[in-house]
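Chains as they are written, first to last, in full-length UniProt numbering: chain A, 1 to 149; chain B, 1 to 149.
Below is one structure, written out as structure tokens, with a few remarks after it.
There are 2 protein chains.
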Amino acid sequence: MNEPETTLEFAVDSLLEVLPSVWDRIRSNFRAAGTSKFGITLEQFHTLRHIYKGCCYTGDIAEKRQVSCSAVSQAVDVLVTKGLVTRAQESGDRRQFRLELTPYARRVLDENYMENRALIKQKIARLSREQRAIVVQSMEILKAVFISA
Amino acid sequence: MNEPETTLEFAVDSLLEVLPSVWDRIRSNFRAAGTSKFGITLEQFHTLRHIYKGCCYTGDIAEKRQVSCSAVSQAVDVLVTKGLVTRAQESGDRRQFRLELTPYARRVLDENYMENRALIKQKIARLSREQRAIVVQSMEILKAVFISA
DNA sequence: CAAAATATTTAAGGTACTTAACTATTGCGC
DNA sequence: GCGCAATAGTTAAGTACCTTAAATATTTTG
Numbered sequence: 001m002n003e004p005e006t007t008l009e010f011a012v013d014s015l016l017e018v019l020p021s022v023w024d025r026i027r028s029n030f031r032a033a034g035t036s037k038f039g040i041t042l043e044q045f046h047t048l049r050h051i052y053k054g055c056c057y058t059g060d061i062a063e064k065r066q067v068s069c070s071a072v073s074q075a076v077d078v079l080v081t082k083g084l085v086t087r088a089q090e091s092g093d094r095r096q097f098r099l100e101l102t103p104y105a106r107r108v109l110d111e112n113y114m115e116n117r118a119l120i121k122q123k124i125a126r127l128s129r130e131q132r133a134i135v136v137q138s139m140e141i142l143k144a145v146f147i148s149a
Numbered sequence: 001m002n003e004p005e006t007t008l009e010f011a012v013d014s015l016l017e018v019l020p021s022v023w024d025r026i027r028s029n030f031r032a033a034g035t036s037k038f039g040i041t042l043e044q045f046h047t048l049r050h051i052y053k054g055c056c057y058t059g060d061i062a063e064k065r066q067v068s069c070s071a072v073s074q075a076v077d078v079l080v081t082k083g084l085v086t087r088a089q090e091s092g093d094r095r096q097f098r099l100e101l102t103p104y105a106r107r108v109l110d111e112n113y114m115e116n117r118a119l120i121k122q123k124i125a126r127l128s129r130e131q132r133a134i135v136v137q138s139m140e141i142l143k144a145v146f147i148s149a
């Protein structure tokens, strides 16, 4: 194997080619699996995850997801209707509502997370330890570049 | 820095944590940038890319994108309305229509691609050559695992 | 040639996003 | 303290995108 191509342009093209397709597969896996069992979508799953991880206000989630407050507000409406999230007015600032997961949501989240993990695990099980290390390192790099700062 | 964690579980969690967020950022970048200039969405951009790369039938694209034929058919409707795609009945099998990009679509695709590239390039410009190499290798691994096979 | 299979579209329904306009609350300047 | 801008969020209208089920058209098969 030759020296791998590492120009900036090549890296960009690589990301632009692979990430959309990988995302399509993950979404498809998620749909095919336990999702329908609980009737939530991948987007709803991620919204629940953000709340679980401490994004308790509409604005926080909008910032993380990079969408409008409006979009989050409507997404939360659906989750409230489904009995997964509650809006509680108990903070000092009465303009904002603290979002909380219901006990049911915790179960849904756990089960979907496990199911999701199992699917991805199966996909990447064939990788060598070295290959896994590369993927993990890459995720850390992408996280630092795209999400932080 | 210690030996990086490379268990299968860790790799799975790493993917599940980072990919959704990176995807959110890419979509957001795409929207913020030249997209609105041409009035296409990220999904439409990828549909055009698939046609450009030789997926000329509804079924092909559905397979690549992992969605229903129905979804593709409707997405193509929009693209036809926008003057970006034509449906031509010229193959041997008259049930399928060959999808083709209009000259205008090629320009839209080129310009959006460049704009998109510029944004991602800016994000990852700070990476070292070694870090870029890791990202590129990782994309090749993910491509092999998720898309082929 | 009838029946099954294939490729696609249409229809109905829900989710997900946008911008713009609106409500409610907070906090600042005077 | 009062007025007003800023902030947090929702509502409204409109588009896109996806699903399943049913319909249409064509090809293949027995």
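Where is the CB? At the ideal position from N, CA and C, for every residue including glycine.
These numbers come from a predicted model, not from an experiment.
Checklist line | Opening and closing residue of the alpha helix (DSSP H) in which A:Thr-58 lies | finding: Secondary structure note for A:Thr-58: its alpha helix (DSSP H) is the uninterrupted segment 58 to 65.
Notebook entry, point to check: CA-CA distance, A:Ile-40 and A:Arg-126?
Noted result: Each residue's Cα considered, the two are about 29 angstroms apart.
Item checked: N-terminal and C-terminal residue of the beta strand (DSSP E) that B:Val-85 is part of -> B:Val-85 -> beta strand (DSSP E) spans 85 to 88.
Notebook entry, point to check: Going along chain B, which residues have a C-beta under 8 angstroms from A:Leu-79?
Noted result: Under the 8 angstroms cutoff, chain B gives no residues; its nearest Cβ is about 17 angstroms from A:Leu-79.
Note to self: By the 9 angstroms beta-carbon criterion, what residues does the region 9 to 23 of chain A contribute toward chain B?
What the structure shows: Within the region 9 to 23 of chain A, the residues whose Cβ lies closer than 9 angstroms to some Cβ of chain B are Glu-9, Phe-10, Ala-11, Val-12, Asp-13, Ser-14, Leu-15, Leu-16, Glu-17, Val-18, Leu-19, Pro-20, Ser-21, Val-22, Trp-23, listed in chain order.
Notebook entry, point to check: So A:Glu-100 is in the alpha helix (DSSP H); what residue range does that whole segment cover?
Noted result: It is not in any alpha helix (DSSP H) - A:Glu-100 instead sits in the beta strand (DSSP E) that spans 98 to 101.
Item checked: Extent of the continuous alpha helix (DSSP H) to which A:Ile-40 belongs -> Counting along the chain, A:Ile-40 falls outside any alpha helix (DSSP H), and DSSP gives it neither H nor E.
Checklist line | Rounded C-alpha distance that separates A:Ala-133 from B:Ile-147 | finding: Computed Cα separation, rounded: 20 angstroms.
Check: In chain B, what lies closer than 8 angstroms to A:Ile-134 by C-beta?
Finding: Identification of chain B residues near A:Ile-134 by a Cβ-Cβ cut-off of 8 angstroms yields Ile-134, Gln-137, Ser-138, Ile-141, ordered along the chain.
Notebook entry, point to check: With 7 angstroms set as the bound, which would you pick, yes or no: does the beta-carbon of A:Lys-53 sit closer than that to a beta-carbon of chain B?
Noted result: No, its Cβ sits nowhere closer than 7 angstroms to a Cβ of chain B.
Notebook entry, point to check: Shorter than 7 angstroms from the beta carbon of A:Ser-28 to some beta carbon of chain B?
Noted result: Taking Cβ atoms only, chain B reaches closer than 7 angstroms to A:Ser-28, which makes this a yes.
Margin query: Between the alpha carbons of B:Phe-10 and B:Lys-53, how many angstroms are there, rounded?
Written below: CA-CA distance, B:Phe-10 to B:Lys-53, rounds to 35 angstroms.
Checklist line | Residue closest to B:His-50, alpha-carbon to alpha-carbon, out of A:Arg-65, A:Glu-17, A:Leu-48, A:Glu-90 | finding: Looking at the Cα atoms, A:Glu-17 is the closest of the given residues.
Margin query: Does A:Ser-138 come out as helix, strand or coil in the three-state DSSP assignment?
Written below: Secondary structure at A:Ser-138: helix, using DSSP grouped into helix, strand and coil.
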